[in-house]
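For the sequence shown, the residue numbers in the working numbering are 520 to 874. Backbone N, C-alpha and C define an ideal beta-carbon position, used for all residues, glycine too.
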Amino acid sequence: MVGPGDEHNGPVVTIDLRSDTVTMPTPEMRRAMAEAELGDDVFGEDPTVNRLQERAAALMGKEAALFVPSGTMGNLLGVLALARSGQEVIAEAHSHVFLNEGGGAAALGGIQIRQVPGTAGVMTAEQVREAIRPLDDVHQPPTAAVCVENTHNQAGGVVWPLESLRAVRAVADEHGLAIHMDGARIFNAAVALGVPAQEIAGHADTVTFCLSKGLGAPVGSVLCGSEEAIARAHRWRKALGGGWREAGVLAAAGLWALDHLVDRLAEDHANARTLAEGLAELPGVEIDLERVQTNIVRFRLRTMAAPVFVEACRGLGVLGGASGHGVRFVTHLGIEPADVQRALAVCARVLGGRC
Ligand SMILES: Cc1ncc(COP(=O)(O)O)c(C=O)c1O
């Protein structure tokens with residue numbers, strides 16, 4: 520992409536740090552898509568979709584999986600598979616499922632979300648226990664499930680420690696509750712922890728992961744769970760108009776990503792760390808480096824409103840996001856170490872520091 524000129528020599532390439540969703544399929548991924556074997560997935564006959572679903576289920580250690588168009592639909596179907604109308608699902612107060620998914624669980628499933636304010640996106644077992652409704656009180660909606668987001672977007676890509684997951688799982692088990700994991704970026708968590716994704720997903724009954732974020736596929740997420748949960752989700756996907764036909768052309772991109780792009784997420788994490796450490800040196804930047812564990816960098820500014828900063832950076836060819844008082848930069852497949860250095864120079868210039 521060609522962006523505005525800088526003070527040196529004319530046009531420069533835009534560095535897009537708005538989100539890892541902006542990743543483009545690589546030429547090899549496009550080739551895999553073009554060559555995919557296809558069939559009608561509403562008849563269950565697309566061999567590439569079937570392969571992706573089997574692969575995803577195996578990677579997450581689950582019985583079955585369902586390919587869906589988005590992380591939002593994966594989360595919605597996960598919640599609809601685990602809870603019924605009139606029930607409640609506990610979720611962290613800044614979770615994507617609560618804040619950013621159009622209230623789908625309430626609108627379509629009659630399911631209420633109970634917010635628990637975690638620390639850096641992580642709820643304690645005690646907080647979850649306290650949020651569970653007493654079964655013998657007819658005034659209160661019964662709690663059906665807990666939703667955990669890993670990595671946690673609003674917290675800055677924070678990874679749930681495995682012991683925290685284990686503790687929440689134990690409380691859920693004590694109370695007969697299910698767990699849905701919004702694992703949109705579960706592979707970032709797995710790479711950061713150095714464990715297989717199924718060690719993380721093993722603490723949840725259903726898990727959604729996205730192919731279209733750091734993994735670079737153009738479209739798609741996968742919901743994984745038991746045969747029973749996936750059968751229920753499949754029914755809901757149909758009702759939502761999400762039955763798709765020769766979707767193998769998209770599933771092929773996902774399979775290619777799973778084969779080739781998971782381990783390289785470590786590069787995104789290293790780039791995010793360099794970016795965060797560089798930002799921490801700039802005047803007026805407040806950043807919690809402990810939260811920079813994966814590919815998301817969130818920070819606040821003491822001297823400038825976030826939207827003003829983001830607009831000024833845009834004018835110099837660096838795109839980011841402003842949310843609330845903060846700024847978000849996300850590293851991904853399209854960002855090289857040299858881009859990070861250029862982004863830092865632009866931030867320094869905007870903040871009046873050294874270039
Ligand atoms: C944590 C998290 N969950 C779910 C989603 C939803 O994914 P999609 O945009 O594919 O619906 C996102 C999107 O950014 C996300 O960050």
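Per DSSP, the unbroken beta strand (DSSP E) holding residue 740 starts and ends at 740 to 744.
Closest in alpha carbon position to residue 630, among 731, 603, 641 and 651, is 603. With contacts defined as CB atoms closer than 9 Å, residue 673 and residue 731 fail to qualify as a contacting pair. For the set 663, 833 and 582, the Cα lying nearest the Cα of residue 607 is the one of 663. Distance from the Cα of residue 771 is smallest, within the candidate group 552, 535, 543 and 533, for 552.
Cβ-Cβ distances below 6 Å link residue 862 to 534 and 837 in the same chain, with the five nearest sequence neighbours on each side left out; the list follows chain order. Assignment of residue 845 by DSSP, reduced to helix, strand and coil, places it in the strand class. Rounded to the nearest angstrom, the gap between the Cα atoms of residue 661 and residue 570 is 37 Å.
Around residue 705, the same chain offers 669, 716, 719, 720, 726 and 728 as residues with beta carbons nearer than 7 Å, after the five sequence neighbours per side are excluded. Assigned with DSSP and collapsed to three states, residue 621 falls in coil, not helix or strand.
For residue 672, the shortest separation between its Cβ and any heavy atom of ligand 1 lies below 8 Å. The distance from the Cβ of residue 839 to that of residue 829 is about 5 Å, consistent with a contact at the 8 Å cut-off.
At a Cβ-Cβ threshold of 9 Å, residue 767 and residue 860 do not count as neighbours.
A direct Cα-Cα distance of roughly 43 Å separates residue 539 from residue 658.
When the Cα atoms are used, residue 724 and residue 702 turn out to be separated by approximately 12 Å.
With contact defined as three or more Cβ pairs closer than 8 Å, the stretch 807 to 826 and the stretch 753 to 765 are not in contact. Within the chosen limit of 8 Å, ligand 1 reaches the beta carbon of residue 703 through at least one heavy atom. Here DSSP, grouped into helix, strand and coil, assigns residue 673 to coil. For the pair residue 588 and residue 740, the CB atoms are nearer than the 9 Å cut-off. With three or more CB-CB distances shorter than 8 Å, the stretch 618 to 634 counts as touching the stretch 594 to 601. Checking the 8 Å criterion, the Cβ of residue 740 is within range of a heavy atom belonging to ligand 1. DSSP links residue 562 through a beta bridge to no other residue. Within the chosen limit of 8 Å, ligand 1 does not reach the beta carbon of residue 845 with any heavy atom. Between residue 575 and residue 743 the beta-carbon gap is near 6 Å, inside 8 Å, which marks them as a contact.
Counting only runs of 4 or more residues that sit fully inside the stretch 804 to 861, the alpha helix (DSSP H) segments are 825 to 834, in chain order.
Relative to the non-hydrogen atoms of ligand 1, the Cβ of residue 611 never comes closer than 8 Å to any of them. DSSP, read as helix, strand or coil, puts residue 667 in strand.
Ligand 1 approaches residue 729 closely enough that one of its heavy atoms is under 8 Å from the residue's Cβ. The alpha carbon of residue 778 has as its nearest neighbour, out of 578, 565 and 563, the alpha carbon of 578. A check of alpha carbon separations from residue 654 across 590, 790 and 694 identifies 694 as the nearest. Straight through space, the alpha carbons of residue 591 and residue 807 are spaced by roughly 28 Å. Within the same chain, and ignoring the five residues on either side of residue 581 in sequence, the residues whose Cβ sits closer than 6 Å to its Cβ are 743 and 744.
In the three-state scheme derived from DSSP, where H, G and I count as helix and E and B as strand, residue 868 is classed as helix.
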